[in-house]
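The structure appears right after this line, and notes come after that.
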Amino acid sequence: MNRGLWIFGLAAALLALAVGGCATVPVKPWQRERLVDPIVAFKAEAREDARKMKTFEAREGSTGGVGGAGGGCACK
Amino acid sequence: MQVSPRLALTLLAVGLASAGAAPARAQDSPDEPQVAGTLLRWFTDSDHVTVRSLSTDWAWPLAHASGLTFHYNNEKVMIPAVSAPPGSQEAIDAITTASRPISGNAFQDFVKQRNEVEGEYARGAGAVSYYVSSETDYLAQQLGGRWNRDFRQQSVNLSLGSSWGWDAIAPVQDDDTRTGDAHKTTLHWNAVMTEVVSPSLLVRWGLEYNLVNGLQHNPYRNVYAGGTNVPERHPEERQRRDAFVRVNQALPNRASVKLSYRLYNDDWGVTSHEVGTRLSQYVTRGLSARWEYRWYTQTAADFWRSTYTGVDGVGGFLTGDYRLGPLASHLFGAALRADLEAFAPTRTFVRRMTLWLDLERYFNSNNYSANVVETGVDFRFP
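Going down the list, the protein sequences come from chains A and B. Going by the working numbering, the letters in the first sequence line up with residues 2 to 77, in that order. Going by the working numbering, the letters in the second sequence line up with residues -9 to 372, in that order.
This is the structure:
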């Protein structure tokens, strides 16, 4: 197994542990007011994140981080 | 590993067919209004390349927990003419390593337009999407699907997504490269988990995998090898994977901090780390400011060299493209966002608008820098 796969196996294990560690008492719907605020929610910046990923993809050697993929690039 | 279009579409169909009947309420927002937004983006870099983007986005909530989204983007790209004196070594270097096609006159600007359309239909827990991007020498299409489900009293959401992209590449005439028509396919999978950890803390983590086949080098670039310059050549297959985690924490006094980390690795030898931070604060009701910093570093692809001793490169592959070399970059950003509901008189349409302005400065270890200005408006329909 190459080094990259080892790194990914380790990352996945750490992430699984992180999520397991987050398993506390579920937050009630009426306690989530602050989480839907545009400065906190994930959704509010989803379009912006996708645009930025496209810009970085054209100038760096990696991709990902927003949970999706695109194609084509009007870059140099 | 070669994945045929039929196999990829079958896998995609299986994924979509598995979209269960259980609605995902953490993602379900029946009260959300119809929203339209438009954006103007201006990118300019230290090589004097400019990209002007004008885009619009629409979201229509429909009956039965379904909805449609539509995205359109038009980009105008301008790559400047070679500015060195004709015949000089500097001009020859610029021409032979150019990332743009040069036919006849390198001392002329190269301008092209790109149009991009994307639509998505979501119903209950599932969604399907189609994407197309067209420019002079590149046509990209993509079919995607995703499914999500809530767990633990809607405190945890799991999303699974997949897409199949197929690109047709038709390089325009170039004096020093002779790449013919080519294609590229991308099979993508992702699994993303979002958890409401506390009344002020959201955590998201995900794994992504891309299998890319086909032409992956810039058809216009050359690299110095064996004392001459030859067209670049990349492997036809690339397996790309990444894992990321994002943490959004609401702070007292109407502020928030967002932290993110991404680890990326591929079978070309590139491993990268990305760390992002965003700090937001309401200045007054309806007006928020945001500061952003991003740090990025990557290792070089195994076959990357600035110059090669022989024309066969490393294992038959050659690239001098800095994007596959060792690289570190920084991005600083600042943004303002104004929800006019807090400022405009009652019962006016202005109250339904949100305005925003975003400024960014990007620079990397290859003496490359860029500035980005974005401004836009979103409108919520009654």
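Cβ coordinates follow ideal geometry from the N, Cα and C atoms, glycine included.
Within chain A, partners of residue i - CB distance below 8 Å
i: B:V186; result: P27, V28, R33, L36
i: B:V260; result: G62, S63
i: B:L317; result: E61, G62
i: B:R341; result: By Cβ distance, chain A contributes nothing, its closest Cβ being about 16 Å from B:R341, past 8 Å.
i: B:A291; result: G62
Per-residue contacts from residue i into chain A (C-beta, under 7 Å)
i: B:N203; result: Near B:N203 there are no residues of chain A at all, since even the closest Cβ is about 13 Å away, more than 7 Å.
i: B:N243; result: Near B:N243 there are no residues of chain A at all, since even the closest Cβ is about 12 Å away, more than 7 Å.
i: B:S145; result: P27, V28
i: B:S270; result: I40
i: B:Y120; result: Within 7 Å Cβ-Cβ: nothing; B:Y120 doesn't reach chain A, min ~11 Å.
For residue i, the three-state DSSP class (helix, strand or coil)
i: A:R48; result: helix
i: A:Q32; result: helix
i: B:T299; result: coil
i: B:E222; result: coil
i: B:R342; result: helix
i: B:T126; result: coil
i: B:R15; result: Because B:R15 carries a pLDDT of 39, less than 50, the predicted location of this residue cannot be relied on, and no value is offered for it.
i: B:R401; result: One cannot answer for residue 401 of chain B here, as it falls past the ends of chain B, which runs -9 to 372.
i: B:A215; result: strand
i: B:F273; result: What sits at residue 273 of chain B in the sequence shown is Val, not Phe. Of the three classes helix, strand and coil, the one that applies to B:V273 here is strand, per DSSP.
i: B:P20; result: In this prediction, B:P20 has a pLDDT of 45, which is less than 50 and means its spatial position is unreliable; what the coordinates show is noted afterwards. Three-state DSSP puts B:P20 in coil, outside helix and strand.
i: B:A112; result: strand
Cβ neighbours of residue i in the same chain (closer than 6 Å, five flanking residues each side left out)
i: B:S250; result: R236, G266
i: B:E364; result: R31, D348
i: B:E227; result: N203
i: B:N356; result: Y312
i: B:W137; result: A9, A115, G116, L150
i: B:R230; result: N200, D256
i: B:E264; result: R252, Y286
i: A:A45; result: P39
i: B:N238; result: L192, K248
i: B:Q396; result: Because chain B in this structure spans residues -9 to 372, residue 396 of chain B falls outside the shown range and cannot be described.
i: B:K66; result: R42, Q103
i: B:Y121; result: E108, Q132
i: B:E198; result: N180, D232
Pairwise C-alpha distance: residue j and residue i
i: A:V67; j: B:V213; result: 33 Å
i: B:R168; j: B:V162; result: 10 Å
i: B:F322; j: B:S359; result: 11 Å
i: B:V315; j: A:W31; result: Just to set this straight, residue 315 of chain B is Gly in the shown sequence, not Val. Near 50 Å, if we compare the C-alpha coordinates of A:W31 and B:G315.
i: B:A71; j: B:H38; result: 10 Å
i: B:A375; j: B:L326; result: The displayed coordinates of chain B run from -9 to 372. Any statement about residue 375 of chain B would go beyond what the structure contains.
i: A:E58; j: B:L317; result: 13 Å
i: B:K248; j: B:A26; result: 26 Å
i: B:P23; j: B:W294; result: 50 Å
i: B:R223; j: B:S319; result: 25 Å
i: B:F33; j: B:V193; result: 31 Å
i: B:V158; j: B:S123; result: Checking the sequence, you will find Ala at residue 158 of chain B rather than Val. Cα to Cα, B:A158 sits roughly 10 Å from B:S123.
i: B:P221; j: A:R35; result: 54 Å
i: B:T175; j: A:G62; result: 18 Å
i: B:Q131; j: B:V367; result: 28 Å
i: B:G276; j: B:R342; result: 12 Å
i: B:S119; j: B:T40; result: 30 Å
i: B:L6; j: B:G135; result: For B:L6, the predicted structure reports a pLDDT of 43, less than 50, and the residue's modelled location is therefore unreliable. The matter cannot be settled from this model.
i: B:H173; j: B:P225; result: 13 Å
i: B:R280; j: B:M183; result: 26 Å
i: B:M68; j: B:D35; result: 11 Å
i: B:R268; j: B:D232; result: 21 Å
i: B:Q206; j: B:V273; result: 46 Å
i: B:A328; j: B:A290; result: 42 Å
Residue i - partner residues in DSSP beta bridges
i: B:S36; result: DSSP, once it has assigned bridges, lists no residue as partnering B:S36.
i: B:L253; result: B:A233, B:H263
i: B:K66; result: B:R42, B:Q103
i: B:S188; result: B:L191
i: B:V25; result: B:A49, B:R370
i: B:Q239; result: B:L191, B:V247
i: B:M183; result: B:L148, B:W195
i: B:L201; result: B:L177, B:Q229
Proximal residues to residue i (C-beta, below 8 Å), its chain only, five neighbours per side dropped
i: A:D50; result: G66, V67
Close Cβ partners of residue i (< 7 Å) along its chain, the five nearest in sequence each way excluded
i: B:S145; result: E185, V186
i: B:E125; result: K102, Q103, R104
i: B:G216; result: Y298, T299, G300, V301
i: A:V37; result: none
i: B:N354; result: L317, A318, S319
i: B:N63; result: S43, S45, E106
Under 9 Å by beta carbon: chain A residues contacting residue i
i: B:A332; result: Neighbours of B:A332 on chain A: none; closest Cβ ~12 Å, over 9 Å.
i: B:P189; result: V28, K29, Q32, R33, E34, R35, L36
i: B:A240; result: R35, L36, D38, I40, V41
i: B:Y283; result: By Cβ distance, chain A contributes nothing, its closest Cβ being about 13 Å from B:Y283, past 9 Å.
i: B:N212; result: Going along chain A, no residue has its Cβ under 9 Å from B:N212, so there is no contact; the nearest lies around 14 Å.
i: B:L314; result: G62
i: B:S355; result: By Cβ distance, chain A contributes nothing, its closest Cβ being about 11 Å from B:S355, past 9 Å.
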